[in-house]
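J.: Numbering (this note's numbering), first residue to last: 9 to 352. The C-beta atom is built at its ideal place from N, Cα and C for all residues, glycine as well. Handing you this structure, nothing more for now.
Structure (structure tokens):
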């Protein structure tokens, strides 16, 4: 998906507002034949007239939090209104998603949601409290970070093929760590096992520090985690990244092979993505305005450099395009969970 053409911020916002007004034009003209009480209000006329908040279901400091703050700064600069980030950590992001889904659909409460609370949790949590694909509408993707399959720099595995060969020859002997049961890293590891016919044994962790210690100590074979988490340790010489769980090599680490380069699993692609969402009934004019504003902001070199520092790829999409991606993504994770018989 390509970025939008490079035009000025002011023109882009005027253009987005003008298109939104035109979409209401027919209704506006028709309303002249009816009493005033039937007139159609333009949702952009006074928007934004008060501060906007972006909810995030994770603690400050991580890639998702940094991405939310980049989006907030971009919106605030373009719209001339205060935009604040509110962290509501807990339940793998589901608490923040539930609050956002139940908020007024007026464009003043947004969500920085990611893979877990949108595509995965619906398959693992019975009473989630919201329907991700119905109660939330995607505005624009703001990051996509592939997973890295990392081993200790002292590991005998020099390539992913080495690790998979050992797993085939010694079923149950090769372990992989993730941030917990049902996380994107866990499911990417399970899918790799399913697709390659290998028995990889999952070991869930809660803290990255212990994962690193156990990798270096030889208690673990490998770790499936965000590339942004693995690369600082790889650059320091303590870890080796065998592959990324992407459909092709990623620009930020072009020398690292993609899992999809292995024969038979060419379409293997498991990114950890983040998207700005709004409550499901938010007026389309507001969704389109926010989409145009953020897509434009993410063209700027200074914004791109901040995103790339997270080892993230930059996407650009309309709300409808990303909605289609989300439906396919949720279905794919649902299949992995069912085939691997995963439960919480």
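Pull up the distance between the alpha-carbon of residue 165 and that of residue 230, whole angstroms please.
T.: For this step, residue 165 is matched to residue 157 along the chain shown. For this step, residue 230 is matched to residue 222 along the chain shown. So the two alpha carbons sit approximately 9 Å from each other.
J.: Assuming residue 116 and residue 162 make a contact with CB atoms under 8 Å, what is their CB distance in whole Å?
T.: By 1-based counting over the chain shown, the position of residue 116 is 108. By 1-based counting over the chain shown, the position of residue 162 is 154. With 8 Å as the limit, residue 116 and residue 162 do not qualify as a contact, their Cβ atoms being about 52 Å apart.
J.: Please tell me whether residue 96 and residue 104 are closer than 8 Å, where the distance is taken between their beta carbons.
T.: Within the chain shown, numbered from 1, the residue matching residue 96 stands at position 88. Within the chain shown, numbered from 1, the residue matching residue 104 stands at position 96. Cβ atoms of residue 96 and residue 104: closer than 8 Å.
J.: Quick check: the region 85 to 93 against the region 146 to 155, are at least 3 beta-carbon pairs closer than 8 Å?
T.: No: the two stretches stay apart, fewer than three of their Cβ pairs being nearer than 8 Å.
J.: Which class does residue 117 belong to by DSSP, given the choice of helix, strand or coil?
T.: Working through the chain shown from its first residue, we reach residue 117 at position 109. Correct three-state label for residue 117: strand.
J.: Taking the Cβ atom as the reference point for each residue, do residue 186 and residue 201 lie within a distance shorter than 8 Å?
T.: Taking the first residue of the chain shown as position 1, residue 186 is located at position 178. Taking the first residue of the chain shown as position 1, residue 201 is located at position 193. Taking 8 Å as the Cβ cut-off, residue 186 and residue 201 do not qualify as a contacting pair.
J.: Any contact of the region 269 to 276 with the region 133 to 148, i.e. 3+ C-beta pairs under 8 Å?
T.: No: fewer than three Cβ pairs fall under 8 Å.
J.: Roughly how many whole angstroms lie between the Cα atoms of residue 45 and residue 54?
T.: Your numbering for residue 45 matches position 37 in the chain shown. Your numbering for residue 54 matches position 46 in the chain shown. Here the model assigns residue 45 a pLDDT of 44, short of 50, so the residue's position is not dependable, and the following value carries that caveat. When rounded, the distance between both Cα atoms is 19 Å.
J.: I believe residue 125 touches residue 102 by the beta-carbon criterion, under 8 Å. Please report the beta-carbon distance rounded to the nearest angstrom.
T.: In the chain shown, the residue the question calls residue 125 occupies position 117. In the chain shown, the residue the question calls residue 102 occupies position 94. Yes, they are in contact, since the Cβ atoms of residue 125 and residue 102 sit about 5 Å apart, within 8 Å.
J.: Measure the alpha-carbon distance for residue 168 versus residue 328 and round it to whole angstroms.
T.: The residue you call residue 168 lines up with position 160 of the chain shown. The residue you call residue 328 lines up with position 320 of the chain shown. If I take the Cα positions, the gap works out to 36 Å.
J.: Looking at residue 157: is its Cβ nearer than 8 Å to the Cβ of residue 118?
T.: As a position in the chain shown, residue 157 is number 149, starting the count at 1. As a position in the chain shown, residue 118 is number 110, starting the count at 1. It is not a contact, given that the beta carbons lie outside the stated cut-off.
J.: Can you grab the Cα-Cα spacing for the pair residue 337 / residue 130, in whole Å?
T.: One-based indexing of the chain shown puts residue 337 at position 329. One-based indexing of the chain shown puts residue 130 at position 122. Rounded to whole angstroms, residue 337 to residue 130 spans 12 Å at the Cα level.
J.: Taking only the alpha-carbon atoms, compute the straight-line gap between residue 331 and residue 182 and give it to the nearest angstrom.
T.: On the chain shown, position 323 is the one that residue 331 refers to. On the chain shown, position 174 is the one that residue 182 refers to. One C-alpha to the other measures close to 37 Å.
J.: Which residues in the same chain have their Cβ closer than 6 Å to the Cβ of residue 256, if we skip the five residues on either side of it in sequence?
T.: The residue given as residue 256 occupies position 248 in the chain shown. Closer than 6 Å at the Cβ level, and outside the excluded window around residue 256, lie 266.
J.: Residue 248 bridges to which residues according to DSSP?
T.: The residue you call residue 248 lines up with position 240 of the chain shown. Paired residue(s): 159.
J.: DSSP puts residue 260 in a beta bridge; with which residues?
T.: Locating residue 260 in the chain shown gives position 252, counting from the first residue. Answer is none; residue 260 lacks a bridge partner.
J.: Using the Cβ count rule (16 or more neighbours within 10 Å means buried), how would you classify residue 214?
T.: Mapped onto the chain shown, residue 214 falls at position 206. The residue in question, residue 214, is exposed, as its Cβ has fewer than 16 Cβ neighbours within 10 Å.
J.: Rounded to whole angstroms, what's the CA-CA distance from residue 242 to residue 298? Just pull it up for me.
T.: Reading the chain shown from its first residue, position 234 is the one you call residue 242. Reading the chain shown from its first residue, position 290 is the one you call residue 298. Computed Cα separation, rounded: 37 Å.
J.: Report buried or exposed for residue 221, applying the criterion of at least 16 other Cβ atoms within 10 angstroms of its Cβ.
T.: Within the chain shown, numbered from 1, the residue matching residue 221 stands at position 213. The residue is exposed, with fewer than 16 neighbouring Cβ atoms inside 10 Å.
J.: Kindly list the residues whose CB is nearer than 6 Å to the CB of residue 219, restricted to its own chain and excluding five residues on each side of it in sequence; keep chain order.
T.: Sequence index remark: in the chain shown, residue 219 carries index 211 (1-based). Closer than 6 Å at Cβ, skipping near neighbours: 185, 213 and 231.
J.: So what's residue 308 in DSSP terms, helix, strand or just coil?
T.: The residue given as residue 308 occupies position 300 in the chain shown. Here residue 308 sits in coil by DSSP.
J.: Can you tell me whether DSSP reads residue 173 as helix, strand or coil?
T.: Walking along the chain shown from the start, residue 173 turns up at place 165. Here residue 173 sits in helix by DSSP.
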